[in-house]
Structure formats: C-alpha cells, structure tokens
Amino acid sequence: MQIQTITQAGSLAAEQNKVLRNTYMMLALTMIPTVIGAFVGMSMSFAFMAQSPIMSSLLMFGAMIGMMFAVTALRNSVWGVVALLGFTFVAGVFLGPILQVALHLKNGAQLIGLAAGGTGIIFFSLATLATVTKKDFSFMGKFLFIGLILLIIASLANLFFQIPAMSLTISSIAVLIFSAYILFDVSRIVHGGETNYVMATLGLFLNIYNLFINLLSLLMAFAGERD
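Numbered by the numbering used here, the letters in the sequence shown go through residues 4 to 230 in order.
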C-alpha cells in the first residue's frame with residue numbers, strides 16, 4: 004500500500020511538472036506572434052481611437068474577450084493552440100496605441116525596455132517563488148477575482164471620466180493584482196489545479212501582458228521625457 008501511494012504521488016508530480024514545462028514552452032512560443040503583432044500595431048494608424056476612444060476601447064476589449072472564449076472552447080484540441088497563437092497576435096496588435104505614444108517620448112524606447120525588463124523580473128521571481136517553495140497560493144483566488152472585477156469596472160468608468168490620477172491609481176493596483184495572479188496561476192499548475200497547458204498558458208500570458216501595459220503606463224507618467 005505504501006509503495007503504491009509513493010508511486011501515485013510520483014506519477015502526479017511528474018504530470019504536474021509536465022504541465023508546467025509545456026506551459027512555459029508554450030508561453031515562450033506565444034511571445035513570437037505577440038512581438039510580430041506589436042510591430043504590425045506600431046505601423047497601423049489608430050486615428051479612429053482619438054475620434055471615438057470609448058467605443059474603440061470597448062470594441063478592442065470585446066474582441067479580446069471573444070477570442071479568449073474561442074481559446075477556452077478549443078482548449079482540448081490542436082485548434083486550441085492555433086486559437087491561442089492567434090489571440091496573442093491580436094493582443095500584440097492592440098499594443099500598438101500605447102507603444103506609439105511611448106515612442107513619441109524622447110526616452111520612449113528606454114521606457115519600453117524598462118517595462119519589458121521589469122515584467123520579466125517580476126514574472127521569473129514570482130514564478131520561481133511559487134515553484135520552489137511549493138506553497139499553495141490558491142487561497143488568493145477569491146480576493147484576486149473580486150479585485151479584478153473592481154479593476155475592470157474602474158477602468159471602464161475611467162473611459163468616461165478620463166481622470167489622470169485615477170488612471171495612475173488603476174495602473175498601480177493592476178500591477179499588484181496581476182503580479183499576485185502570477186503566484187496564484189503558477190501555484191495552481193504546481194499543485195494540479197490546472198492540468199490543461201493551453202489554459203495555463205493563456206492565464207500566464209494575460210498576467211504578463213497586463214503587467215507590461217500597466218508598468219509602461221506608470222513609467223510614461225512618471226519618467227516620460229516630452230519634447
């Protein structure tokens with residue numbers, strides 16, 4: 004009985020390690036269409052966003068939600084991987100507006116590099132913490148979900164009010180929430196709470212994506228050098 008229990012525990016650990024390994028490999032792969040999409044986005048004209056910022060933001064948000072549902076529906080087939088890569092390409096294109104604004108600053112390229120580097124450091128530090136310590140961070144789930152819903156509501160509200168101080172507050176809170184989500188999501192994989200690497204990759208990608216955007220927003224607000 005004891006040998007059987009040890010064998011089952013070993014098999015479970017091996018399966019969890021496989022999911023984590025596949026997730027990291029897929030996460031690295033998603034960076035390719037994201038970067039390509041970002042270059043496409045930087046070359047596009049987003050003049051329509053200046054004319055109707057609220058409607059265009061809602062349309063972009065709706066498009067990403069729709070594609071996320073497609074990835075979820077196809078997660079158990081090879082088409083789930085295709086949908087995931089397509090989603091990350093579109094997400095990269097939607098980085099176009101903020102990257103264009105950043106590059107109009109004298110030190111915009113440096114700020115983008117700092118935001119990318121900061122995002123990488125935060126991700127690898129928290130992912131390592133969740134993996135090495137083996138601590139179960141699942142208790143954070145309800146608090147993070149509530150925080151995320153409030154963050155979305157505040158972001159949608161600020162589309163109408165356009166209050167700079169509120170934007171900075173939202174970005175600061177978003178950095179904390181998505182950093183905590185990295186801990187939560189990696190912990191779920193380590194402890195067998197998420198066994199589908201497509202969904203695991205989607206969750207971690209969204210954390211990294213939103214972390215980068217909000218770090219860049221803060222850097223532009225506090226360190227941006229305008230002509």
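Yeah, the Cβ is synthetic: ideal placement off N, Cα and C, and Gly gets one too.
Remember, predicted model here, so these are calculated numbers, not experimental data.
At the level of alpha carbons, what is the spacing between residue i and residue j?
i           : j           : result
residue 115 : residue 144 : 30 Å
residue 79  : residue 167 : 42 Å
residue 27  : residue 59  : 32 Å
residue 47  : residue 192 : 37 Å
residue 112 : residue 105 : 7 Å
residue 227 : residue 214 : 18 Å
residue 210 : residue 185 : 6 Å
residue 212 : residue 72  : 17 Å
residue 267 : residue 30  : Limits of the chain in this structure are 4 at one end and 230 at the other, which puts residue 267 out of reach.
residue 147 : residue 160 : 20 Å
residue 155 : residue 66  : 15 Å
residue 118 : residue 61  : 25 Å
residue 75  : residue 197 : 13 Å
residue 164 : residue 190 : 37 Å
So residue i and residue j are supposed to be a Cβ contact under 8 Å. How far apart are they, rounded?
i           : j           : result
residue 177 : residue 188 : That pair is no contact at about 16 Å.
residue 151 : residue 180 : 6 Å
residue 87  : residue 207 : At roughly 11 Å, the Cβ-Cβ gap does not stay under 8 Å, so residue 87 and residue 207 are not in contact.
residue 37  : residue 92  : 7 Å
residue 241 : residue 68  : Here the chain has residues from 4 to 230 only, and residue 241 is not among them.
residue 99  : residue 45  : 5 Å
residue 95  : residue 149 : Not quite, the Cβ-Cβ distance comes to about 29 Å (not below 8 Å), so this is no contact.
residue 20  : residue 200 : Actually they are not in contact, since the Cβ atoms of residue 20 and residue 200 sit about 12 Å apart, beyond 8 Å.
Quick check on the burial criterion: 16 or more other C-beta atoms within 10 angstroms. Buried or exposed for residue i?
i           : result
residue 229 : exposed
residue 128 : exposed
residue 57  : exposed
residue 175 : exposed
residue 221 : buried
residue 173 : buried
residue 34  : exposed
residue 122 : buried
residue 140 : buried
residue 135 : exposed
residue 217 : buried
residue 55  : exposed
residue 3   : This structure gives no information on residue 3, because the portion of the chain shown stretches from 4 to 230.
residue 130 : buried
Which class does residue i belong to by DSSP, given the choice of helix, strand or coil?
i           : result
residue 198 : coil
residue 188 : helix
residue 45  : helix
residue 24  : helix
residue 99  : helix
residue 80  : coil
residue 140 : coil
residue 227 : coil
residue 108 : coil
residue 12  : In this prediction, residue 12 scores a pLDDT of 45, lower than 50, which makes its location untrustworthy; the coordinate-derived value is nonetheless stated afterwards. Looking at residue 12 - three-state DSSP - the assignment turns out to be helix.
Residue range of the alpha helix (DSSP H) that residue i falls in?
i           : result
residue 158 : 144-164
residue 132 : 111-136
residue 72  : 56-76
The ligand ATP and residue i: does any heavy atom of the ligand fall closer than 7 Å to the residue's C-beta?
i          : result
residue 94 : For the structure depicted, the ligand ATP is absent and the ligand set is empty, with no information on it obtainable.
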